[in-house]
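S.K.: Before anything else, here's the structure in question.
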Amino acid sequence: SQTIHQWPATLVQPVGSPLSLECTVEGTSNPNLYWYRQAAGRGLQLLFYSVGIGQISSEVPQNLSASRPQDRQFILSSKKLLLSDSGFYLCAWSRSGFDVSNQPQHFGDGTRLSIL
Amino acid sequence: GQQVMQIPQYQHVQEGEDFTTYCNSSTTLSNIQWYKQRPGGHPVFLIQLVKSGEVKKQKRLTFQFGEAKKNSSLHITATQTTDVGTYFCAGRSGTYKYIFGTGTRLKVLA
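Sequence lines, in order, name chains A and B.
Under this note's numbering, the first residue of the first sequence carries the number 3, and numbering increases by one thereafter.
Under this note's numbering, the first residue of the second sequence carries the number 378, and numbering increases by one thereafter.
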């Protein structure tokens, strides 16, 4: 069966510090990968998605970046965090290949990021 | 850009009462998915609707896709405390992307 791992679960960082959040998927090949951010009590904002190694699509202009160095690894980074970067960061995967447009997304447990 | 709105934003119901959340898109959707997020948890996929006018049921949950494929609803019959959480719809935008709705937070009072 497929599993998705995200870490860390919680993170407290000072303003201006760098960030690296990692997400890995097991049990499937060439998944579509997604990073979302959820502000407290709000909806999900799509930040990045990737359909293959090295292929990153950015949805929202910001000081965040994403990379996919391996097939099942997705990394969210920042060189300098802002207060507004606080939130709940969720990684998700979906199947690629046949009927790719109708696949559900499977979410990780998320990282709660607080910027001080 | 494409927007997906949900109403109501919050709903408090007594256990045993029914609950409905509505999802409206600014554009026609190819399909729509519904997710549930428990407090402190991550969204979990519930169901997908693809055809115009489609209705699907999962026990006490009934999902409907509008004829024009621009709106959808989720109805829960006789709510239970286990139904607590936030319900999101997500409409497909392009091949790989889904735009999530604003969510409806449900509280069930025992």
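Beta carbons: idealized from backbone N, C-alpha and C, even for Gly.
All figures in this text were calculated on a predicted structure; none of them were measured in a lab.
1) State the DSSP-derived secondary structure class of Asn65/A, mapped to helix, strand or coil.
2) Rounded to the nearest angstrom, how far is the Cβ of Val27/A from that of Gln47/A, given a contact under 8 Å?
3) In the structure shown, what three-state DSSP assignment does Ser31/A receive?
4) Determine whether the beta carbon atoms of Pro420/B and Phe109/A lie at a separation below 8 Å.
5) Is Pro420/B close to chain A? Criterion is C-beta to C-beta, closer than 8 Å.
6) Tell me, please, which residues DSSP counts as bridged to Val427/B.
7) Nearest-angstrom Cα distance between Pro33/A and Ile55/A?
8) Closer than 8 Å, CB to CB, is Leu23/A near chain B or not?
9) Looking at the C-beta of Val53/A, does it have a partner C-beta in chain B at a distance below 8 Å?
10) Which residues in chain A have a C-beta closer than 9 Å to the C-beta of Asn408/B? List them in chain order.
11) Within this structure, are the beta carbons of Asn475/B and Lys413/B separated by less than 8 Å?
12) Check the Cβ-Cβ distances between Arg469/B and every residue of chain A, and say whether any is below 8 Å.
13) Would you be able to state if there are at least three C-beta pairs under 8 Å between the region 446-466 of chain B and the region 398-412 of chain B?
14) Could you work out which residues of chain C lie near Gln107/A, taking near to mean beta carbons separated by less than 9 Å?
15) Pick out whichever of Thr113/A, Lys82/A, Leu92/A, Ser98/A has its Cα sitting closest to the Cα of Gly18/A.
16) Within 10 Å of its beta-carbon, does Asp460/B have 16 or more other beta-carbons around it, so buried, or fewer, so exposed?
17) Is Tyr355/B buried or exposed, if buried means 16 or more other CB atoms sit within 10 Å of its CB?
18) So, at 6 Å on beta carbons, what are the nonlocal neighbours of Trp95/A in its own chain, with the 5 sequence-adjacent residues on each side left out?
19) Terminal residues of the continuous beta strand (DSSP E) containing His389/B?
M.R.: In this structure, then:
1) Asn65/A falls in the coil class under three-state DSSP.
2) For a cut-off of 8 Å, the C-beta gap from Val27/A to Gln47/A is around 21 Å, too long to register as a contact.
3) Here Ser31/A sits in coil by DSSP.
4) Yes, they are a contact pair.
5) It does; some Cβ of chain A falls within 8 Å.
6) Partner(s): none; Val427/B has no beta bridge.
7) Taken atom to atom, the span from the alpha-carbon of Pro33/A to that of Ile55/A is near 10 Å.
8) It does not; no Cβ of chain B falls within 8 Å.
9) It does; some Cβ of chain B falls within 8 Å.
10) Those are Ser103, Asn104, listed as they occur along chain A.
11) Residue 475/B is actually Tyr in this sequence, not Asn. Contact: no.
12) Closer than 8 Å: yes.
13) Yes, since at least three Cβ pairs between the region 398-412 of chain B and the region 446-466 of chain B fall closer than 8 Å, the two stretches touch.
14) In summary, chain C is missing from the structure at hand, where the protein chains are A and B.
15) The alpha carbon of Gly18/A has as its nearest neighbour, out of Thr113/A, Lys82/A, Leu92/A, Ser98/A, the alpha carbon of Lys82/A.
16) The residue in question, Asp460/B, is buried, as its Cβ has 16 or more Cβ neighbours within 10 Å.
17) Outside the displayed range of chain B (378 to 487) lies residue 355/B, so it cannot be described from this structure.
18) Once the five neighbours on either side are set aside, the close Cβ partners of Trp95/A are Ile6, Val27, Pro33, Leu35, His108.
19) First-last of the beta strand (DSSP E) with His389/B: 387-391.
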